[in-house]
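All remarks here apply to the structure that follows.
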Ligand SMILES: [Cu+2]
């Protein structure tokens with residue numbers, strides 16, 4: 381009997397722990413979805429894998445404006461993209477806004493979408 385009670389307590393504890401973890405996940409929707417840096421750029425090239433730039437991962441070459449907190453200069457450079465899905469509907473010459481995430485193996489593009497070309501108002 382005592383053993384049964386203890387087991388039930390453990391199950392309840394585990395259940396409440398899961399609920400707590402889920403609530404936290406909902407509040408901050410994943411470390412993968414929030415960019416560490418954001419910027420604007422013109423797409424120079426889109427390279428789904430395999431390409432000369434990377435054998436297995438998608439690469440986007442951007443001519444980017446200064447990236448606050450990361451790069452003070454505008455420049456052209458390649459970035460690994462999280463997925464080729466990010467390339468959909470985009471082509472070289474397009475003005476884009478992008479989000480970067482610091483991951484252990486790459487400064488990863490996790491967001492890439494069209495932006496209006498810069499203009500004075
Ligand atoms: Cu750069």
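Numbering (the working numbering), first residue to last: 381 to 501. Even glycine gets a Cβ: it sits at the ideal position worked out from N, Cα and C. Values in this document were obtained by computation on a predicted structure and should not be read as measured data.
Distance from the CA atom of residue 491 to the CA atom of residue 432, rounded to whole angstroms, is 23 Å.
In terms of Cβ geometry, residue 438 and residue 430 do not form a close pair [threshold 7 Å]. Separation of the CB atoms of residue 426 and residue 467 is rounded to 5 Å, and the pair is thereby assigned contact status at 8 Å. If you draw a straight line from the Cα of residue 417 to the Cα of residue 448, it comes to about 7 Å. A residue is called buried when at least 16 other Cβ atoms come within 10 angstroms of its Cβ; residue 473 does not meet this threshold and is exposed.
Residue 455 holds the alpha-carbon nearest to the alpha-carbon of residue 421 among 450, 413, 455, 434. In the three-state scheme derived from DSSP, where H, G and I count as helix and E and B as strand, residue 466 is classed as helix. The three-state secondary structure of residue 440, taken from DSSP, is strand. Within the same chain, and ignoring the five residues on either side of residue 444 in sequence, the residues whose Cβ sits closer than 6 Å to its Cβ are 419, 421.
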